[in-house]
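S.K.:
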Amino acid sequence: MKTIIRSTTCADRLLFLLLVLASCAGIFISREAVSQSSDVLIEVNGKAAYTFPLTTDRLVTVDGPCGPTVVEIRERKVHVREASCPNRLCLKEGWISKGVIVCLPNRIVVTVGGGSAGSPRGVDAVTG
Amino acid sequence: MQLQDKYRIALLSAYALSLHGFEALLPTPIPWLKLGLANIITLVALMLYGFKTAMTVTLIRVILASIFTGTFLGPSFMLSLGGGVSSTAAMGLAWAVSRHFFGPVGLSLIGALFHNAAQLALAYLVFIQRIEAIMIISPVIILIGAVTGLMNGVVGGLLIKNLSRE
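Read top to bottom, the protein sequences are chains A and B. Per the working numbering: the first sequence = residues 1 to 128. Per the working numbering: the second sequence = residues 1001 to 1166.
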């Protein structure tokens, strides 16, 4: 191991460090940049009711068959704050920054990320 | 071209081809993750026998491997060719410009970086055309490339040391 490390030149080590640091930074930067464009989509009864950007904090009251459900967007995260459905599973989902919260009795679906409702959801690409 | 050079190219191509084939059999956690073992041979060819030999070996390896696996002139062949040619060209350039600045590890890292960069650019231009997908995936690919490039460089360096001792 020592002889391997000694056999590398200064430029080798610098290049490796630079690559690792740059790509680690790139992972975070690209994640930030993309999550900025993600939206919160609220569907009631299978129809899109609201679309909000994830970046602005707000409180939304959505009316479903069982009564009002309050959805809160804060600090790039979404949760269901109050619900009038019987089992309140949507409350137990907690804060999400990506994914879906579903309230079956109230027929409300809150989707974060995945682009707008019309865009395809699935694998981006596979290369050989 | 001397007869000895032809033998050398044939031998190196055979090694590269078998490593390329062996690598395809290895199970990897992500389907598109490859170790780039054939780059070890390109590295050795470049540092011991020069740029022309390295480029010839890379071209023979890419074309023959795609013919054997049935992807000749297909999309994965284009990615493979673009990556191989650009990484060999970048390593050759770095080797020519600064002969004692980079060792085998540094050259291997440059090769891995340019291989990935060329493949990402090709994938964007030809296949995906969605910049956010490329932006998300490229730092991950370049990070993995740095790690595999480091390993290949270490192995290539040991190989060069042993070959030049004889």
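Even glycine gets a Cβ: it sits at the ideal position worked out from N, Cα and C. Please read these numbers as outputs of a predicted model, since none were measured by experiment.
1) Can you pull the chain B neighbours of V20(A), defined as C-beta to C-beta under 7 Å?
2) Quick one: what does DSSP say A83(A) is sitting in, helix, strand or coil?
3) Using CA atoms only, rank isn't needed, just tell me which of L1026(B), G1036(B), A1089(B), A1090(B) is closest to G1156(B).
4) Given N1039(B), which residues of its chain have a CB within under 6 Å of its CB, disregarding the five upstream and five downstream residues?
5) Which bits of chain B does S7(A) rub up against, with CB to CB less than 9 Å?
6) L1150(B) versus chain A: which residues are under 8 Å apart at the beta carbon?
7) What are the boundary residues of the alpha helix (DSSP H) that T1148(B) is part of?
8) Could you name the residues of the same chain whose beta carbon sits closer than 8 Å to that of V78(A), not counting the 5 residues immediately before and after it, in chain order?
9) Would M1047(B) pass as an interface residue toward chain A - the criterion being a Cβ-Cβ separation below 8 Å?
10) Can you tell me the Cα-Cα spacing of L1019(B) and G1149(B), whole angstroms?
11) Return the chain-ordered ranges of every alpha helix (DSSP H) run that is complete within the region 1044 to 1100 of chain B and spans a minimum of 4 residues.
12) So, with DSSP's three-state summary, where would you put S119(A)?
13) According to DSSP, which residues form a beta bridge with F52(A)?
14) In angstroms, rounded to a whole number, what distance separates the CA positions of I1009(B) and A33(A)?
15) Taking only beta-carbon positions, decide if M1135(B) is within less than 8 Å of chain A.
16) Helix, strand or coil for E32(A), going by three-state DSSP, please let me know.
17) What does a CB cutoff of less than 7 Å around I1041(B) pick up in its chain, not counting 5 residues either side in sequence?
18) Below 6 Å CB to CB, which residues in the same chain sit around G118(A) once its five sequence neighbours on both sides are set aside?
19) Apart from the five residues on each side of it in sequence, which residues of its chain come closer than 7 Å, Cβ to Cβ, to F993(B)?
20) With distances taken between CB atoms, is the gap from N45(A) to T69(A) smaller than 8 Å?
21) Which partner residues does G64(A) have in the DSSP bridge list?
22) In angstroms with no decimal places, state the Cα-to-Cα distance between G99(A) and W1032(B).
23) Using a beta-carbon distance below 8 Å, is P1139(B) in contact with chain A?
24) Helix, strand or coil for L1122(B)? Go by DSSP, reduced to three states.
25) List the residues of chain A that L1109(B) touches, going by C-beta distances under 8 Å, in chain order.
26) Taking a cut of 8 Å between CB atoms, which residues from the region 1107 to 1132 of chain B lie near chain A?
27) When the cut-off is 8 Å and only beta carbons count, does G99(A) lie next to chain B?
M.R.: For this structure:
1) By Cβ distance, chain B contributes L1143, A1146.
2) Residue state for A83(A) is assigned as coil, using DSSP reduced to three classes.
3) Among L1026(B), G1036(B), A1089(B), A1090(B), the Cα nearest to that of G1156(B) belongs to G1036(B).
4) Excluding five sequence positions before and after N1039(B), the CB atoms of its chain that fall closer than 6 Å to its own CB belong to G1111, N1152, given in chain order.
5) Below the 9 Å Cβ cutoff, chain B contributes G1103, P1104, V1105, V1154, G1157, L1158, K1161 as neighbours of S7(A), in chain order.
6) One finds F16 in chain A with Cβ atoms closer than 8 Å to the Cβ of L1150(B), taken in chain order.
7) Where T1148(B) is concerned, the enclosing alpha helix (DSSP H) stretches over 1131 to 1165.
8) Here the set comprises V40, L54, V71, E72, W95, I96, S97, I101, V110, V112.
9) Against chain A, the CB of M1047(B) has no partner CB under 8 Å away; the residue lies outside that interface.
10) When rounded, the distance between both Cα atoms is 15 Å.
11) Runs of the alpha helix (DSSP H) inside the region 1044 to 1100 of chain B: 1051 to 1069, 1075 to 1097.
12) The pLDDT assigned to S119(A) is 49, lower than 50, so where the model puts this residue is not dependable; a value taken from the coordinates is nonetheless given after this. In the three-state reduction of the DSSP assignment, S119(A) falls in the coil class, being assigned neither a helical nor a strand state.
13) According to DSSP, F52(A) bridges with V40(A).
14) A direct Cα-to-Cα measurement between I1009(B) and A33(A) gives close to 47 Å.
15) Chain A contact via Cβ: present.
16) Under the three-state reduction of DSSP output, E32(A) falls in the helix class.
17) Answer for I1041(B): L1012, Y1015, A1016, L1019, V1057, listed in chain order.
18) The pLDDT assigned to G118(A) is 45, lower than 50, so where the model puts this residue is not dependable; a value taken from the coordinates is nonetheless given after this. Correct list: empty, nothing qualifies.
19) The structure shown has nothing for residue 993(B), since chain B only spans 1001 to 1166.
20) Not in contact: N45(A) and T69(A) (Cβ atoms no closer than 8 Å).
21) Looking at the DSSP assignment, G64(A) forms a beta bridge with G67(A).
22) Looking at the two C-alpha atoms, the distance is approximately 25 Å.
23) By this cut-off, P1139(B) is an interface position.
24) For L1122(B), the secondary structure class from DSSP, reduced to helix, strand or coil, is helix.
25) Those within 8 Å of L1109(B) in chain A are D12, L15, F16, L19.
26) Cβ contacts with chain A: L1109, I1110, L1113, Q1119, A1123, F1127, I1128, R1130, E1132.
27) Not an interface residue.
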